[in-house]
Each structure stands twice: as structure tokens, then as C-alpha cells.
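Written below as C-alpha cells is the structure these notes are about.
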Amino acid sequence: DDVVFHDASVAANVEAGEGLRLISLDAPPAVAGPFERAGQFVQAKAGPDAKPSFYAISSPPGGPQPLEFLIKEAEANAWLTETSAGDLVQLSPAMGRGFNLSCEAWNAADVNQVSLFATGTGVAPIRAAVEGGALRGKVCRLYIGARSEAALGFADRFADWRKDGIEVFPVLSKPVAGWDGRTGYVQDAFQRDEERGEGFVLPARHGALLCGQKEMVAAVREVYAGLGVPEERTLLNF
Numbered sequence: 001d002d003v004v005f006h007d008a009s010v011a012a013n014v015e016a017g018e019g020l021r022l023i024s025l026d027a028p029p030a031v032a033g034p035f036e037r038a039g040q041f042v043q044a045k046a047g048p049d050a051k052p053s054f055y056a057i058s059s060p061p062g063g064p065q066p067l068e069f070l071i072k073e074a075e076a077n078a079w080l081t082e083t084s085a086g087d088l089v090q091l092s093p094a095m096g097r098g099f100n101l102s103c104e105a106w107n108a109a110d111v112n113q114v115s116l117f118a119t120g121t122g123v124a125p126i127r128a129a130v131e132g133g134a135l136r137g138k139v140c141r142l143y144i145g146a147r148s149e150a151a152l153g154f155a156d157r158f159a160d161w162r163k164d165g166i167e168v169f170p171v172l173s174k175p176v177a178g179w180d181g182r183t184g185y186v187q188d189a190f191q192r193d194e195e196r197g198e199g200f201v202l203p204a205r206h207g208a209l210l211c212g213q214k215e216m217v218a219a220v221r222e223v224y225a226g227l228g229v230p231e232e233r234t235l236l237n238f
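In C-alpha cells form, the structure reads like this:
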């Protein structure tokens, strides 16, 4: 089907970490209306003749405008990351299935314990899930991977997430001296925690949300297979 694009106005564009921008877009109801589930995305482009890119919405569904997006600064994204308030871009309606927390696999297991895994800007839809209340009442732990502490997206919100009962474990692949948190890659930190008896996972009622590099997703699912958590309980947002 042909996707219809609508004008959206840049409300704000601020730094959100090293190499990251948090961009707020005032979008019309045709764009924001279908946004009902964390993990959904829009197609965005600079103008009618430009090629669209896909960006997950990082603000929670059902919340007030504007829609927020966590975007990595890169040549392909420069048309968006270098915008200023008042600039116009074009957005498709919110689309995609998002994280389906009422899926059959989660319902059958009555999932009450959730691990969240994000690398880079993959924390965008995870934030939407956390702040949208979809995980309320569940015991949650977040592994968030970045190169350095400065490159962690939404680090300024971790304290609030922790107040809401979510354990937040940053995992840095290239930490500076003095970092005493987890190091390496998200999947390895997860595996180490499980292997050394600091395990969080109770397989019978455990589920996961994942967003980030394919390698991370595959490796985390492999750890879960060893723990007895079936793949259909490890949800992607697309």
C-alpha cells in the first residue's frame, strides 16, 4: 500500500548523549492516532521526493504531543538531526506491531518478570514501554549497552526508572578508567549475571523485550534457550 505522509513540525532538538539527539515533532492526528503500543515506529523523510527512514517512537503511547525520537547523529540522518524548531519534516502514520505484551506466549505464562535489552538508540522504544506503564506490576531489569557512559541514551531518566522499580544496568564496551559498572556487551553481561548466581531469570514466568543489534538479539536468545525461556516470549518491536 502507498504510505501517505503528513507534515510535522520540529518542536525541539536537543542533545541526548554523545552523538545522540532527542527530537520532538508536533505531528497531526493522522500520524499520532495509530500510536497505541510501545515499539511502534514512523517512516520519516525530509520532503516529498526524499527516501524515508524508519524511526521508533521513544515517547510513551497515548501521551500528549509531541512525539519524541532518539536519533543517532550520522550522515544518513543529518537532514533530521540538524533541524531546528519550526522546521517541517514528513511523517507516515505510526505503524508496526510494537511490543505485544498481550501476546499468547506471555498470557499463557502469565509473565510477571521482564528483562529489557537495548543497545544504542534501541533504548528509544524501551523507554516508551517503561514510561507508558505497560510493565507496571511486573519485576523488571534493563540492560542498556553503549560505548561509553556519555553515549548512553536517556541516562538522565535512569533515576526515575529506578524509582519506578526497574533495575537499570548500563553495560559499556569502552569504559573510561574508574567505571565500576558492567563492561563488554549486553549479552555477555546478561550471561555472566546468570552464570554467577546473581541470576534474575525465573523461566516459568519470564519474558523479555529486545531492541538493538541483530547480534545482541541472537546472543540473548541463545542464553535464554539455555535457561529454558522459549523464543516466543522474547519480543521484538517489529
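FYI, in UniProt numbering the residues of the sequence shown are 1 to 238.
Beta carbons are placed, not taken as given, at the ideal position from N, Cα and C, and that holds for glycine.
Treat the numbers as computed from the prediction; the structure is a model and nothing was measured.
*For the putative contact between Val10 and Asp110, defined by C-beta atoms under 8 Å, what is the C-beta separation to the nearest angstrom?*
Not confirmed; about 43 Å, so no contact.
*asked:* Suppose the cutoff is 6 Å on Cβ atoms and the five residues either side in sequence are ignored; what does the same chain contact list for Phe124 look like?
replied: What sits at residue 124 in the sequence shown is Ala, not Phe. Counting only Cβ-Cβ distances below 6 Å, and skipping sequence neighbours, we find Ala56, Ser58, Leu70.
*Return the CA-CA distance between Tyr143 and Pro175, expressed in angstroms with no decimal places.*
C-alpha separation (whole angstroms): 15 Å.
*Mind checking Val217: buried by the 16 CB within 10 Å criterion, or exposed?*
Val217 is classed as buried because its beta carbon has at least 16 other beta carbons within 10 Å across all chains shown.
_Proximity winner among Ala38, Gln213, His206, relative to Glu232 (alpha-carbon distances)_ = For Glu232, the closest C-alpha among the options Ala38, Gln213, His206 is that of His206.
*asked:* For Gly145, report the span of its beta strand (DSSP E) as first-last.
replied: Here the beta strand (DSSP E) through Gly145 covers 139-146.
*Option in Gln40, Val229, Arg157 with minimal Cα separation from Arg97*: Put simply, of Gln40, Val229, Arg157 the residue whose alpha carbon is nearest the alpha carbon of Arg97 is Gln40.
*Cα-Cα, which of Ser173, Ser24, Ala151 is closest to Asp80?*
For the record, residue 80 in the displayed sequence is Leu; it is not Asp. Nearest of Ser173, Ser24, Ala151 to Leu80, Cα basis: Ser24.
*asked:* Using the three-state DSSP reduction, which class does Arg21 fall into: helix, strand or coil?
replied: Looking at Arg21 - three-state DSSP - the assignment turns out to be strand.
*Sub-9 Å separation of Ala8 and Val114 beta-carbons*: Taking 9 Å as the Cβ cut-off, Ala8 and Val114 do not qualify as a contacting pair.
*Would you kindly work out how many angstroms separate the C-alpha atoms of Phe169 and Val229, rounded to a whole number?*
Going from the Cα of Phe169 to the Cα of Val229 covers about 21 Å.
*By how many angstroms is the C-alpha of Lys45 removed from the C-alpha of Val130?*
C-alpha separation (whole angstroms): 27 Å.
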